Amino acid sequence: MSYREVREFCECLRSLGFHRVVSLSNFKEPNFELTAELMDWLVTRLNPDITLPEDIDNEAQRVEFTTQAIEAVGSSANIRLNARKVYGADSYAVKEMLKVARYLCRACRVGGGTDEYSATKQVRGLDPSTKMQDVLSGDLRPMSFLSSEILEAGAKLHSLLQVESMPDTEGSGVRRARQRAVKFLEGISRNLQSDREQVNVERQLTSLLTGQSQSAERLTQMCRELEDDKRGLEEEVKKKQVELERTSKRLAGLKTVRPAFMDEYEELQEYLDRLYEAYVDRFRNLDYLEQELDMLNREEQERLDANERKLKALQKKLREEEWKLLRGDTDANDLPTAAPFAADYPRPMSRDRNFRDGGRRRSRVQQQDYQVPEGFRQMEHDEFGPAPGVDVANDFDEPEFIDSGSDGIVSVGSKPEEGLVGLLLVNHHPQLHCALGWLLVHPRPRGRCCGGATQWRR
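Dropping the structure here:
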């Protein structure tokens with residue numbers, strides 16, 4: 080829809096005396112209320128006896144209004160309108176309503192031309208002070224309508240001339256067909272007594288009738304086939320409907336019947352629910368107990384690791400003290416284990432090959448009479464445990480030393496750094512005072528002492 084047509088429609092409404100102003104922007108978007116008002120007014124101008132419905136609230140009412148308006152225009156002015164475009168109520172609807180507006184404008188010009196001419200002649204007698212725009216306002220409107228009609232006629236003539244000027248090779252053949260028609264008419268007018276042209280016309284008409292009859296027979300055959308197909312489809316539809324009804328009845332019957340195994344199924348379902356609840360409880364308990372067991376194992380492992388670290392530290396400390404004692408770097412009074420006993424009694428002279436400072440050995444009777452301190456016995460019990468097959472409460476007697484060549488250094492193992500190392504300080508005192516340090520390497524401190532000369536047993 081062009082801007083010129085919308086402007087022309089607005090001018091037509093203004094010239095016809097429409098009661099409200101219609102601008103060019105009213106039809107940029109669909110506006111069915113304005114379109115219905117314009118169609119009602121145009122139909123009333125065409126035939127005042129026609130009444131259109133006033134309710135256009137819903138879709139059905141709008142469709143009914145559009146249908147009646149188009150029928151009224153067709154019956155009154157013999158003008159065909161596109162119902163879809165009119166229902167769209169946009170710029171395309173303006174193009175359809177413009178046909179009715181032009182028809183009314185032409186009727187007004189034809190019917191009121193004499194009056195307008197006489198009114199124009201009377202303008203000359205007006206006061207010279209009257210504005211020129213007021214004088215010419217009555218003549219400008221018909222001129223605008225005439226100019227629009229002239230433009231339309233010129234456009235149509237231009238399109239027809241273009242078709243006329245096309246060569247015959249492009250498929251139009253308008254000029255050639257016209258020339259043939261003129262030649263045929265001239266031949267008939269010249270030879271009125273000759274039947275050649277008439278025979279030619281009859282032959283062409285006969286061929287056309289034959290072709291049309293064949294087309295009619297084909298269409299009739301197609302109609303018969305379509306009717307047969309229609310009857311076949313109707314029979315199939317009836318069969319499907321009967322089958323559907325039968326299946327629906329069967330389904331309704333199956334819904335009302337309770338299966339025989341439904342009771343057993345419900346019992347098994349309840350039993351399965353109970354089993355699942357028991358399984359969940361046991362699984363949770365098992366998971367909790369496994370977690371507690373892991374925590375206990377972890378704590379026990381940490382305790383064992385701590386004890387092992389303490390034992391290794393004690394072992395290392397005792398080995399260092401042993402080496403210091405063997406090298407002579409540290410006196411027995413400085414050792415933590417010998418401090419309570421070495422303060423009152425000096426260290427004897429050793430005659431061993433590792434200690435060349437001399438010393439005296441006690442007799443076997445004196446050694447048997449010696450009582451080992453309680454702390455020493457408890458240390459042995461804590462480190463090594465009771466001997467297999469021995470009653471700890473009754474059979475843990477004093478250790479017996481058998482010395483044949485040593486002077487007080489007692490150890491278990493082939494080297495001083497291996498096994499149990501003890502330092503015995505022996506003199507002529509009736510009691511034996513000693514300070515012993517213990518290192519755990521072998522399961523039990525039993526066997527021969529260093530050098531094979533001294534034994535320590537229970």
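FYI, the numbering for the sequence shown is 80 to 537, going by the working numbering.
Where is the CB? At the ideal position from N, CA and C, for every residue including glycine.
Owing to the predicted nature of the structure, the values given are computational and were not obtained by experimental measurement.
Residue environment for I229: exposed (fewer than 16 other C-beta atoms within 10 angstroms of its C-beta).
Residue environment: K319 is assigned as exposed (fewer than 16 neighbouring CB atoms within 10 Å of its CB, all protein chains considered). Proximity to E112 across T145, E90, Y82 peaks at T145, based on C-alpha coordinates. For the pair V179 and A156, the CB atoms are nearer than the 8 Å cut-off. Shown here, S226 sits in a helix according to DSSP, grouped into three states.
Here D136 carries a coil assignment [DSSP, helix/strand/coil].
The Cβ atoms of E87 and L177 sit closer than 8 Å to each other. Around the CB of Y166, 16 or more other CB atoms lie within 10 Å, so the residue is classed as buried. Counting only the Cα atoms, A172 lies some 42 Å from Q258.
The shortest C-alpha to C-alpha distance from A186 to any of E116, A357, R124 is the one to R124.
DSSP places I149 in the helix class (H, G or I) of the three-state scheme. V242 sits exposed, since fewer than 16 C-beta atoms from the chains shown fall within 10 Å of its C-beta. If one requires a minimum length of 4 residues, no alpha helix (DSSP H) run lies completely within the stretch 317 to 369. Per the coordinates, the alpha-carbon of L375 lies some 10 Å from the alpha-carbon of R382. If you compare the alpha carbons of L354, S170, D384 with that of S104, the shortest gap goes to S170. With a cutoff of 8 Å on beta-carbon distance, P132 and E116 are scored as not near each other.
Taking a C-beta distance under 8 Å as the contact criterion, N110 and A168 qualify as a contact pair. Out of G153, M222, L160, the CA that lies nearest to the CA of S94 is found in M222. Under the DSSP assignment, S94 falls in the alpha helix (DSSP H) whose first and last residues are 82 to 95. The beta-carbon separation of F106 and V85, rounded to 6 Å, stays under the 8 Å limit for a contact. P221 carries a helical assignment under DSSP once its states are collapsed to helix, strand and coil. Secondary structure note for G167: its alpha helix (DSSP H) is the uninterrupted segment 162 to 167.
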